[in-house]
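Participant: Here the sequence shown stands for residues 6 to 382, numbered as in our numbering.
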Amino acid sequence: MVGGGAGAYIGGIHRFAARLDNQFDLVAGAFDVDAARGHAFAAENFIAPERSYDDYAAMVEGERGREDRIDVVAICTPNHTHYPIARAFIEAGIDVICEKPMTTTLEDAVALHELARSSGRFLGVTYTYSGYPMVHEARAMVARGDIGKIRVVQVEYPLEWMATGIELQGNQQAAWRTDPKKNGRGGSIGDIGTHAYHLAGFVTGLKADAVSADLATFVDGRALDDNAHVMIRYEGGARGLLWSSQVAIGQSNGLRLRVFGETGSLVWHQEQPNELFHTELFGSPRVIKRGRDDLAAETRARTRTPPGHPEGYIEAFSNLYQGFAEAIRARAEGREAEPKGRDVPMSYDGLKGVAFVEAVVDSHEKHGGGWCAPRFA
Ligand code: NAI
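1. Count the CB pairs spanning the stretch 108-127 and the stretch 353-361 that are closer than 8 Å, and state whether there are at least three.
2. Could you pull the DSSP bridge partners for residue 340 from this structure?
3. Please identify the residue among 132, 332, 252 and 68 whose C-alpha is closest to the C-alpha of residue 81.
4. Mind reading off the beta-carbon distance from residue 235 to residue 247? Whole number of angstroms is fine, and I expect it under 8 Å.
5. I want to know whether the stretch 77-91 touches the stretch 187-201 - three or more CB-CB distances under 8 Å.
6. Anyone know if the C-beta pair for residue 283 and residue 271 falls short of 9 Å?
7. May I ask you to list the residues that DSSP assigns as paired with residue 7?
8. Three or more beta-carbon pairs under 8 Å between the stretch 312-329 and the stretch 16-31, yes or no?
9. For residue 237, is the classification buried or exposed, using 16 other Cβ atoms within 10 angstroms of its Cβ as the cut-off for buried?
10. Quick one: residues in its chain with C-beta nearer than 8 Å to the C-beta of residue 64, no 5 flanking neighbours on either side, listed in chain order?
11. In the DSSP assignment, what residue or residues form a beta bridge with residue 262?
12. Can you give me the Cβ contacts of residue 259 inside the same chain, cut-off strictly under 6 Å, excluding the 5 residues immediately before and after it?
13. Looking at the strands, I want to know which residues DSSP matches up with residue 284.
14. Tell me whether residue 279 is buried or exposed, calling it buried when 16 or more other Cβ atoms sit within 10 Å of its Cβ.
15. What residue ranges within the stretch 184-224 form continuous beta strand (DSSP E) runs of no fewer than 3 residues, ordered along the chain?
16. Hey, would you say the C-beta of residue 333 is under 8 Å away from at least one heavy atom of the ligand NAI?
17. Apart from the five residues on each side of it in sequence, which residues of its chain come closer than 8 Å, Cβ to Cβ, to residue 383?
18. Determine the extent of the beta strand (DSSP E) in which residue 383 is found, giving its start and end residues.
19. Quick one: complete alpha helix (DSSP H) runs, 4+ long, within the stretch 295-367?
20. Apart from the five residues just before and just after residue 257, which ones in its own chain have a Cβ nearer than 8 Å to its Cβ?
21. Going by DSSP, name the residue or residues bridged to residue 100.
22. Less than 9 Å between the C-beta atoms of residue 343 and residue 337, yes or no?
23. Starting from the Cα of residue 369, find the closest Cα among 56, 221, 122 and 124 and give me that residue.
24. If you compare alpha carbons, which of 176, 203, 127 and 380 is closest to residue 215?
25. Under the criterion of a Cβ to heavy atom distance below 8 Å, does residue 178 qualify as lining the ligand NAI?
26. Is any heavy atom of the ligand NAI found at a distance shorter than 8 Å from the C-beta of residue 287?
27. Tell me residue 248's beta-bridge partners as DSSP assigns them.
28. Is it the case that the Cβ atoms of residue 312 and residue 297 are separated by a distance below 9 Å?
29. So, at 8 Å on beta carbons, what are the nonlocal neighbours of residue 374 in its own chain, with the 5 sequence-adjacent residues on each side left out?
30. What residues in its chain sit with their C-beta under 7 Å from that of residue 285, if we drop five residues either side in the sequence?
31. If you count every other CB in all the chains shown that lies within 10 Å of the CB of residue 250, and 16 or more means buried, which is it?
32. When you measure from the CB of residue 42 to every non-hydrogen atom of the ligand NAI, does any distance come out below 8 Å?
33. Below 8 Å, is the gap between the Cβ of residue 184 and the nearest heavy atom of the ligand NAI?
34. Rounded to whole angstroms, what's the CA-CA distance from residue 125 to residue 114? Just pull it up for me.
35. Using the Cα positions of residue 292 and residue 150, report the straight-line distance between them to the nearest angstrom.
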């Protein structure tokens, strides 16, 4: 692992997720931008001292020469470091699991995607929400035609935690997220809008033709947007509306997707992830619950506990890790992946996310909210 040291957020979630199915052991790392802190963290986590590295470059050098070298590295650092770190490991022949957004510029995203493709290395991107079983159920239902041709996609990702200027009060996570050099050009849209965009595309299978955006910064002195409204024109005529917000008081992690087709609709809410609501024209909403036997194979492949025992965020993240493990194995063995290893987010998904942010920020900054086409969709 690179990043994810003491006081970091997502690295800990990666560590839980990687371990749930016994497919990964954490054996090496450059856990912190501060080498001494990173070594202390490594020691607390039972990493052999010779495999706790000062930085990612030392880790690449140290690991590439070992017979028992790491198979894959998880990159859990702020956005601006993803590109050089991922590049260095791929060039050393090591597979990569990278946090989103994959890079801070479209140029870097294109280069990284091309590098992953040309080298044949695996590059997974942790779009967490595509790990939820009921998201897979929604996707299977759309693909089966259960709600008919899609007309409208509404997706929102409101959060409360940056509703005040906490970046000036020592909050580590907010500090780099509000720095354009570290976060990239899109504030809320890059941080959480990318999750919402991926979720909507993952469930519906629709590609975006163009976006029209209105970005706002509500907290004084903040350099990036903390609220974004984006209209999306999807291929085939469907219309989308995406809202990302870091200033939505009362919203802890309010990611919600609603998809309306010609014959029905689907609603999924991240805070109640074991349920999916399906409504047919003029019918009563039907609650579809995780764990039941009548669900799609893709859904069942991502379910661990019987119905009634809630699964959540950690399990969803584990499903990504389980999928990455299976995808990496299948690739190495030259066979088709089992269902749990299919449809995991990879470098092209990462590239699409960065292209979306570019198009959104261009629409707002350069075209007064006019329509812009994402360069990759
Ligand atoms: P954080 O600030 O909590 O942690 C970053 C960690 O990286 C710290 O341990 C820091 O010391 C370390 N670090 C920074 N530069 C480094 C370098 N050059 N070498 C080694 N370590 C370095 O950040 P947080 O919130 O955990 O976010 C990290 C990444 O994860 C971001 O890209 C973010 O967008 C993404 N993220 C993804 C989520 C998801 O749902 N998939 C949720 C939260 C964050």
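Virtual Cβ for every residue (Gly too), placed ideally from N, Cα, C. In this text, all values refer to a predicted model and were calculated from it rather than measured experimentally.
Facilitator: If we stick to the structure as given:
1. yes
2. DSSP, once it has assigned bridges, lists no residue as partnering residue 340.
3. Ranking the options by Cα distance to residue 81, first place goes to 132.
4. 4 Å
5. yes
6. yes
7. 35 and 80
8. yes
9. In this structure residue 237 is buried. Its beta-carbon is surrounded by 16 or more other beta-carbon atoms within 10 angstroms.
10. Its chain contains 7, 33, 34, 35, 58 and 78 as the residues whose beta carbon lies nearer than 8 Å to that of residue 64, once the 5 sequence neighbours on both sides are disregarded; these appear in chain order.
11. 160 and 273
12. When the five nearest sequence neighbours on each side are left out, the beta carbons in the same chain lying within less than 6 Å of the beta carbon of residue 259 are those of 163, in order along the chain.
13. Note: residue 284 sits in a beta bridge opposite 270.
14. Burial call: buried.
15. 213-221
16. no
17. The question about residue 383 has no answer here: the residues shown for the chain are numbered 6 through 382.
18. Not covered by the structure: residue 383. The range shown for the chain is 6 to 382.
19. 302-305 and 318-338
20. 164, 165 and 276
21. 77
22. no
23. Ranking 56, 221, 122 and 124 by Cα distance to residue 369 puts 221 first.
24. 380
25. yes
26. False, no ligand heavy atom lies under 8 Å from that Cβ.
27. Looking at the DSSP assignment, residue 248 forms a beta bridge with 161 and 234.
28. yes
29. 217, 218, 219 and 368
30. 268 and 269
31. buried
32. yes
33. no
34. The alpha-carbon atoms of residue 125 and residue 114 are separated by roughly 16 Å.
35. 18 Å
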